[in-house]
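According to the UniProt record's numbering, numbering within the sequence shown proceeds without interruption in unit steps and concludes at 243.
We treat Cβ as the ideally placed atom computed from N, Cα and C, and that holds for glycine.
Written out below as structure tokens is the structure these notes cover.
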Amino acid sequence: MAYNQNYQQQPYGQQQAPPAGGYGGYQQQQQAGYQQQAGYQQQQHAGYNQYAPQQQQQGYGGYQSPAAPPPAAPAAAQEQTLRGWFDAVDANRSGQLSTEELQRALVNGDWSPFNIETVRMMMNMFDTDNSGQINFAEFAGLWKYIEEWRSCFQAFDLDKSGHIDFNELKTAMHSFGYNLSDNFLHLIIKKYDRRGLNPKGRGDVSFDNFVQIAVTVKSLTDAFKRIDREGKGYATIGYEQVQ
């Protein structure tokens with residue numbers, strides 16, 4: 001089975017503070033960064049560094065997307081806000097969030113909930129103790145990760161519609177170093193355009209689906225590069241390799 005992919009990985013940008021805009025019903029406290037506090041160490045999954053929003057150094061419109069921050073505690077005011085939001089969706093007061101509870105905590109700019117596939121992806125990335133649920137420390141790391149992606153999303157949402165259309169997605173993927181064909185990008189939008197009232201959708205994707213697209217494309221590219229060790233842009237894949 002032959003697989004051909006024209007990808008060109010570019011150097012990535014530098015860290016940028018999350019935006020000051022509100023998210024999930026709470027106004028985000030803008031910080032110059034996360035401050036270290038005794039007695040609290042934010043847990044961080046290896047997948048955080050792997051899938052943090054990244055962009056080439058000569059970024060689109062001068063925008064530099066953030067790299068993964070060092071493991072540190074949120075400032076006291078922000079921790080209090082996050083704790084209040086965590087407790088509000090922790091329906092059974094277990095101190096852990098199930099997939100369904102986490103979905104209630106994560107909303108798009110139009111207040112629609114994250115699709116369940118994106119929520120499960122986030123759960124798998126930040127469930128550091130493999131409990132199948134998210135504790136508060138894991139939730140704090142997940143929240144900052146999403147805020148970084150929100151900065152990235154807003155940079156490419158040029159018409160400020162709250163959704164990413166074909167041209168905006170093409171610019172974003174190119175800035176991430178992925179030179180995908182127009183046909184493939186149309187296929188991606190068709191798959192992830194879930195807000196339309198008919199099978200054709202509306203030709204754009206919401207914030208949660210944008211994150212899922214970016215993480216999925218990176219995951220597939222990394223998997224392909226492990227097979228295409230010579231960097232030819234194509235590889236012959238045996239049947240057992242796709243299992």
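Rounded to the nearest angstrom, the gap between the Cα atoms of THR171 and PHE153 is 11 Å. In this structure, the straight-line span from the alpha carbon of ASP87 to that of TYR234 is close to 49 Å. By the Cβ-count criterion, ARG150 is buried, with 16 or more other Cβ atoms from all chains shown falling within 10 Å of its own Cβ. Ranked by Cα distance from PHE139, the options GLU148, PHE156 and ALA105 are led by ALA105. Under the DSSP assignment, ALA214 falls in the alpha helix (DSSP H) whose first and last residues are 207-227.
For ILE189 against ASP204, the beta-carbon gap comes to about 7 Å, under 8 Å, which counts as contact. In this structure, DSSP gives ILE146 a helical state, which the three-state scheme calls helix.
The bridge partners DSSP lists for LEU169 come to none. In the three-state scheme derived from DSSP, where H, G and I count as helix and E and B as strand, ASP182 is classed as helix.
Pairing VAL89 with LEU97 gives a Cβ-Cβ distance under 8 Å. With contacts defined as CB atoms closer than 8 Å, GLY231 and GLY162 fail to qualify as a contacting pair.
Judged by DSSP in its simplified three-state form, LEU158 adopts coil rather than helix or strand. Here ASP129 is not bridged, per DSSP, to any residue.
With a 10 Å radius around the Cβ and a threshold of 16 neighbouring Cβ atoms, ALA155 comes out buried.
Straight across, the Cα-Cα distance linking ALA75 with TRP143 is about 14 Å.
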